[in-house]
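S.K.: Dropping a structure here in structure tokens format, bear with me for questions.
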Amino acid sequence: MSDFDWGKGSYEPTAADLLPAARELVAAANIQPGEHVVDVGAGTGNVALLAADLGARVTAVEPAARLREVIAETALDRDLTVVDGTAESIPLADASADVILSNFAVIFTPDPAAAFTELARVAKPTARILLTTWQPGVLSQLVGVILAALREITGRNVGPQFTWHDPNALAGLLTPHGFELSGKTLALDVVAPSAEAYWETRIATHPLGIATLPLLEQAGRLEEVRNRVLTTIEEDWTIPTGEVRLKAHYLLATAVR
Ligand SMILES: C[S@@+](CC[C@H](N)C(=O)[O-])C[C@H]1O[C@@H](n2cnc3c(N)ncnc32)[C@H](O)[C@@H]1O
146 MSDFDWGKGS YEPTAADLLP AARELVAAAN IQPGEHVVDV GAGTGNVALL
196 AADLGARVTA VEPAARLREV IAETALDRDL TVVDGTAESI PLADASADVI
246 LSNFAVIFTP DPAAAFTELA RVAKPTARIL LTTWQPGVLS QLVGVILAAL
296 REITGRNVGP QFTWHDPNAL AGLLTPHGFE LSGKTLALDV VAPSAEAYWE
346 TRIATHPLGI ATLPLLEQAG RLEEVRNRVL TTIEEDWTIP TGEVRLKAHY
396 LLATAVR
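Sequential numbering from 146 applies to the sequence shown in the working numbering.
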């Protein structure tokens, strides 16, 4: 699921949803002025911009060209360099980062072991690595409706192949590189004016939706899947005003050597 362009469609509404987690991630990193902070899978720059505002020297690593442009346009005179790269291939020298942060981004790597080998290569011996990963809950339930239909249509095991929510699985990626992991679970509310608005802005025009929904449409399954997602949101996640309020949970993991 990582060989598509995150610059297509509109990632921006989701970036706004994830900003509170970016704030938690940056706060937990205890960034000091002048430190070199690397934001891996920077998106529109949620984490990179916050870190730069704390006086860090920031490198934003992002594979999508359009999103790199968004960061560069927003960065203005901040000490922020935007580079093309992925978690598996970061164009930085060995032991050059004081802090490596990734807000719901390393989780899209096609090769978790290679990604963490690369993060460990770029990390100074004293560096800390902090990342966020979703916990099972409403978001995986909604995405699961789409993934289940895609599996039936393609016959392939699409979707995450690694248990990113499991701290022990994460530790298994980091301990070979000398890191010890700690973590805490936090809540994040995703709010939309209605179930239809949620579908439109967080699924249909989201880069993942742009990449996958045409397959559902070609197979004649789009309407059925959309109705199942809307019904789940309307029945379980709509408050009396009609507004949608999804309560998601995520792991904020910290790794130090
Ligand atoms: C859910 S978005 C998170 C973006 C940003 N960190 C934020 O807080 O909004 C996932 C990001 O991961 C990036 N991405 C996809 N595959 C990646 C990979 N293999 N390594 C690093 N980033 C990747 C996407 O381009 C996208 O910007």
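Ideal Cβ placement from N, Cα and C applies to all residues, glycine included.
To the nearest angstrom, report how far apart R301 and A364 are at their CA atoms.
M.R.: Rounded to whole angstroms, R301 to A364 spans 15 Å at the Cα level.
S.K.: Can you tell me whether T262 sits near ligand 1, meaning its C-beta is under 7 Å from at least one heavy atom of the ligand?
M.R.: T262 Cβ: outside cutoff for every heavy atom of ligand 1.
S.K.: With DSSP as the reference, label V389 as helix, strand or coil.
M.R.: Strand.
S.K.: Measure how close the beta-carbons of L295 and L391 come, nearest whole angstrom, since I'm counting them as under 8 Å.
M.R.: In fact, because the Cβ distance is near 21 Å, the residues do not count as touching under 8 Å.
S.K.: Should E362 be flagged as near chain C, meaning a C-beta pair shorter than 8 Å?
M.R.: Chain labels in this structure do not include chain C; a single protein chain is all it has.
S.K.: Using 8 Å as the threshold, is the C-beta distance between W151 and A193 below it?
M.R.: Not in contact: W151 and A193 (Cβ atoms no closer than 8 Å).
S.K.: If you reduce the DSSP assignment to three classes, tell me which class A356 lands in.
M.R.: A356: helix per DSSP, three-state reduction.
S.K.: Who are the Cβ neighbours of L292 in its own chain at under 8 Å, not counting the five residues just before and after it?
M.R.: Excluding residues within five positions, the ones whose Cβ falls inside 8 Å are V303 and G304.
S.K.: Buried or exposed: where does S247 fall if 16 or more other Cβ atoms within 10 Å of its Cβ makes it buried?
M.R.: With 16 or more other Cβ atoms within 10 Å, it is buried.
S.K.: Taking L225 as the reference, which of V206, A349 and Y343 has the closest Cα?
M.R.: It is V206 whose Cα lies nearest to the Cα of L225.
S.K.: Report, in whole angstroms, the separation of the C-beta atoms of S327 and T399, which I expect to be a contact under 8 Å.
M.R.: Going by Cβ atoms, the distance from S327 to T399 rounds to 5 Å, so yes, they are a contact pair.
S.K.: Within 7 Å: the Cβ of E218 and any heavy atom of ligand 1?
M.R.: The answer is no for E218.
S.K.: Once DSSP output is grouped into helix, strand and coil, what is the label at G328?
M.R.: DSSP places G328 in strand when its eight states are reduced to three.
S.K.: Of all the beta strand (DSSP E) runs that stay within the bounds of the region 262–286, which reach a length of 3 or more residues?
M.R.: Segments of the beta strand (DSSP E) lying fully in the region 262–286: 268–279.
S.K.: Are the beta-carbon atoms belonging to A157 and T204 less than 8 Å from one another?
M.R.: In the sequence on display, residue 157 carries Glu and not Ala. No; because the gap between Cβ atoms is not below 8 Å, this pair is not in contact.
S.K.: With a threshold of 6 Å on Cβ separation, who are the neighbours of V183 within its own chain once the five nearest residues in sequence on each side are excluded?
M.R.: T204, A242 and I245.
S.K.: Are there any heavy atoms of ligand 1 lying less than 7 Å away from the beta-carbon of P359, as far as the coordinates show?
M.R.: Not under cutoff, so the answer is no.
S.K.: Is M146 helix, strand or coil when you go by DSSP?
M.R.: Since pLDDT at M146 reaches only 45, below the 50 mark, its modelled position is unreliable, and the value read off the structure follows with that caveat. M146: coil per DSSP, three-state reduction.
S.K.: Among H310, G317 and H351, which one has its Cα closest to the Cα of L331?
M.R.: Minimum Cα distance to L331 is reached at H310.
S.K.: Would you check whether ligand 1 has a heavy atom nearer than 7 Å to the C-beta of P208?
M.R.: Indeed, a heavy atom of ligand 1 lies less than 7 Å from the Cβ.
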